[in-house]
Amino acid sequence: MKVQVRTLLKFAVAATAMAFTAMSSAQNYKPEYKMSLVVGTAFPWGKGGETWANLVKERTQGRINIKLYPGVSLVQGDQTREFTAIRQGVIDMAIGSTINWSPQVKQLNLFSLPFLMPDYAAMDALTQGEVGKQMFSILDKAGVVPLAWGENGYREITNSKGPIRKPEDLKGLKLRVVGSPLFSDIFTALGANPTQMSWADAQPALSSGAVDGQENPMSVFTAAKMHTIGQKHVTMWGYVADPLVFVVNKEVWASWTPADQAIVRQAAIDAGKEEIAIARKGLIEADKPLLKEIAALGVTITELTPAEREAFVKATRPVYDKWKSQIGADLVNTAEKSIAARKK
Ligand code: X2X
21 MKVQVRTLLK
31 FAVAATAMAF
41 TAMSSAQNYK
51 PEYKMSLVVG
61 TAFPWGKGGE
71 TWANLVKERT
81 QGRINIKLYP
91 GVSLVQGDQT
101 REFTAIRQGV
111 IDMAIGSTIN
121 WSPQVKQLNL
131 FSLPFLMPDY
141 AAMDALTQGE
151 VGKQMFSILD
161 KAGVVPLAWG
171 ENGYREITNS
181 KGPIRKPEDL
191 KGLKLRVVGS
201 PLFSDIFTAL
211 GANPTQMSWA
221 DAQPALSSGA
231 VDGQENPMSV
241 FTAAKMHTIG
251 QKHVTMWGYV
261 ADPLVFVVNK
271 EVWASWTPAD
281 QAIVRQAAID
291 AGKEEIAIAR
301 KGLIEADKPL
311 LKEIAALGVT
321 ITELTPAERE
331 AFVKATRPVY
341 DKWKSQIGAD
351 LVNTAEKSIA
361 ARKK
């Protein structure tokens, strides 16, 4: 009898301790996590965010609930402040463009070196290879937890004035560029008149004609209906492509159990793969159906011959060389080697 009571007591104590552990770990979890994105679910990028959030919710049985904040609304639309806000915990997690975070992480400018990545295989050789590994360790040291790669895409140049076939066609064009000084350098070298502004400001500026043109992936062009804001000319020059990175704030990450961390990481990898496929849809098939769709909207699509493209490569080479040393020559050399060795 005595033994039984003692055993029962032991059980009771153990059960109470277990309940406390469960409670305290549950208390570390926020009822909702904030995911920052520049664009919403009409874009491959936003769709990727939605997929990531849904997979996490499903696989954690609702322990981790994520709410999407498109329009970088947690930093009042200023996408160049997103990285700092993630580090500081104003944002719990994000899928961000390498361009928007490169003011804080200068190595991310690598992907914006003009004409570094000639094709999708080159981009994959970087993100899925040695460069991708090094970038993740750089991002980790910069204060976030990187989990997976996604893709915004090859940024093509569009404008309201006329077809662009050669660098001279850019002369005097007022172009909206994103927030890394590398972009101002590129377009200044080409003789254009670049103005840095956020994505939120870009659309009204194009609409009113305050600027003549911009550069963004074709999936962004269609989702933002850029043909309705004067963008009647597209040149497929593939000069730069921005990958996306799935990251989590470090404290938030540390507050999750190892099992939940594994779930969030795998969900990011799965969502990233799916997002990349959506971002490339219509552009990797032989007849590029997305371009046909855009042409059908009354947009002129200019494709460059290799010689025409080379003129742009040459004109931007001094910018490439200048930024190679700012990014870090070793990292850029590794990237160049990975691209040269890629499987096409
Ligand atoms: O601002 C842009 O051009 C966009 C949407 O592509 C990025 O956030 C880099």
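The opening position of the sequence shown corresponds to residue 21 in my numbering, with each subsequent residue numbered one higher. Here a beta-carbon is modelled for each residue, glycine too, at the ideal position from N, C-alpha and C.
Would you call residue i buried or exposed, if buried means 16 or more other Cβ atoms sit within 10 Å of its Cβ?
i: ALA355; result: buried
i: PRO51; result: exposed
i: LYS67; result: buried
i: ARG337; result: exposed
i: SER157; result: exposed
i: SER228; result: exposed
i: ASN48; result: exposed
i: SER93; result: exposed
i: ALA361; result: exposed
i: SER209; result: According to the sequence displayed, residue 209 carries Ala and not Ser. Buried is the call here.
i: SER200; result: buried
i: PRO224; result: exposed
i: PRO309; result: exposed
i: ASP307; result: exposed
Provide the residue span of the beta strand (DSSP E) that contains residue i, from first to last.
i: GLN234; result: 233 to 236
i: GLY116; result: 113 to 117
i: TYR140; result: No beta strand (DSSP E) contains TYR140, which is instead part of the alpha helix (DSSP H) from 140 to 147.
i: MET55; result: 53 to 56
i: ILE86; result: 86 to 89
i: GLY170; result: 164 to 174
i: PRO183; result: Segment: none, PRO183 is in no beta strand (DSSP E) and carries neither H nor E.
i: VAL197; result: 194 to 197
i: LEU264; result: 261 to 269
Using only the alpha-carbon positions, how far apart do residue i and residue j sit?
i: THR100; j: ASN120; result: 5 Å
i: ARG329; j: THR255; result: 10 Å
i: PHE103; j: GLN124; result: 7 Å
i: ALA62; j: GLU176; result: 19 Å
i: GLU294; j: LYS191; result: 39 Å
i: GLU323; j: ILE314; result: 13 Å
i: GLN326; j: ALA261; result: Before going on, a small fix: residue 326 reads as Pro here, not Gln. PRO326 and ALA261: Cα-Cα distance of roughly 18 Å.
i: GLY163; j: VAL352; result: 22 Å
i: TYR174; j: ASN74; result: 27 Å
i: GLU171; j: GLY149; result: 15 Å
i: VAL151; j: GLN127; result: 10 Å
i: GLU78; j: TRP72; result: 10 Å
i: TYR53; j: ALA114; result: 10 Å
i: LYS186; j: GLN346; result: 28 Å
i: TRP219; j: LEU130; result: 21 Å
i: GLY348; j: GLU70; result: 35 Å
i: ASN236; j: LEU136; result: 17 Å
i: PRO214; j: PRO134; result: 15 Å
i: ASP350; j: MET155; result: 13 Å
i: ILE283; j: TRP273; result: 12 Å
i: GLY211; j: ALA335; result: 10 Å
i: THR147; j: THR118; result: 11 Å
i: LYS1; j: ASP160; result: As displayed, the chain neither begins before 21 nor continues past 364, which places residue 1 out of reach and without an answer.
i: ASP205; j: ALA297; result: 31 Å
i: VAL198; j: SER122; result: 11 Å
i: SER275; j: GLN286; result: 17 Å
i: PRO263; j: GLY116; result: 8 Å
i: PRO138; j: VAL339; result: 17 Å
Note down, in chain order, each residue of its chain lying with its Cβ closer than 8 Å to the Cβ of residue i, except the 5 sequence neighbours on either side.
i: GLU271; result: GLY109
i: GLN251; result: THR178, ASN179, SER180, LEU226, GLY233, GLN234, PHE241, VAL319
i: ASP189; result: GLY182, PRO183
i: LYS87; result: GLU52, TYR53, LYS54, MET55, ALA73
Using C-beta distances below 6 Å, list every residue in its chain close to residue i, excluding the 5 sequence neighbours before and after it, in chain order.
i: ASN269; result: ILE106, GLY109, ASP112
i: ALA168; result: PHE266, ALA288, ILE289, GLY292
i: PRO60; result: Reading off the sequence, residue 60 comes out as Gly, not Pro. Correct list, in chain order: GLY66, PRO90.
i: ALA243; result: ALA62, PHE63
i: GLY302; result: PRO309, LEU310
i: VAL95; result: ARG101, GLU102, ALA105
i: VAL58; result: VAL92, GLN99, TRP219
i: ASP341; result: none
For residue i, which residues in the same chain have their Cβ closer than 7 Å to its Cβ, ignoring the five residues on either side in sequence?
i: ASP280; result: THR80, ARG83, ILE84
i: SER239; result: PHE63, PRO64, GLY173, ALA299
i: ASP98; result: VAL92, SER218
i: VAL165; result: VAL267, VAL268, LYS270, TRP273
At what residues does the alpha helix (DSSP H) containing residue i begin and finish?
i: GLY68; result: 64 to 79
i: THR255; result: Where THR255 is concerned, there is no enclosing alpha helix (DSSP H), although the beta strand (DSSP E) it sits in stretches over 253 to 256.
i: ASN129; result: Looking at the DSSP string, ASN129 is not in any alpha helix (DSSP H), and its letter there is neither H nor E.
i: PRO278; result: 278 to 300
i: PHE203; result: 201 to 209
i: THR354; result: 349 to 360
CB residue i to CB residue j, shorter than 8 Å?
i: ALA145; j: SER358; result: yes
i: TRP257; j: PHE207; result: no
i: LEU311; j: ILE304; result: no
i: TYR370; j: SER56; result: Past the edges of the chain, shown from 21 to 364, lies residue 370, and the structure says nothing about it.
i: TRP343; j: LEU195; result: no
i: HIS247; j: LEU193; result: no
i: LYS363; j: ALA142; result: no
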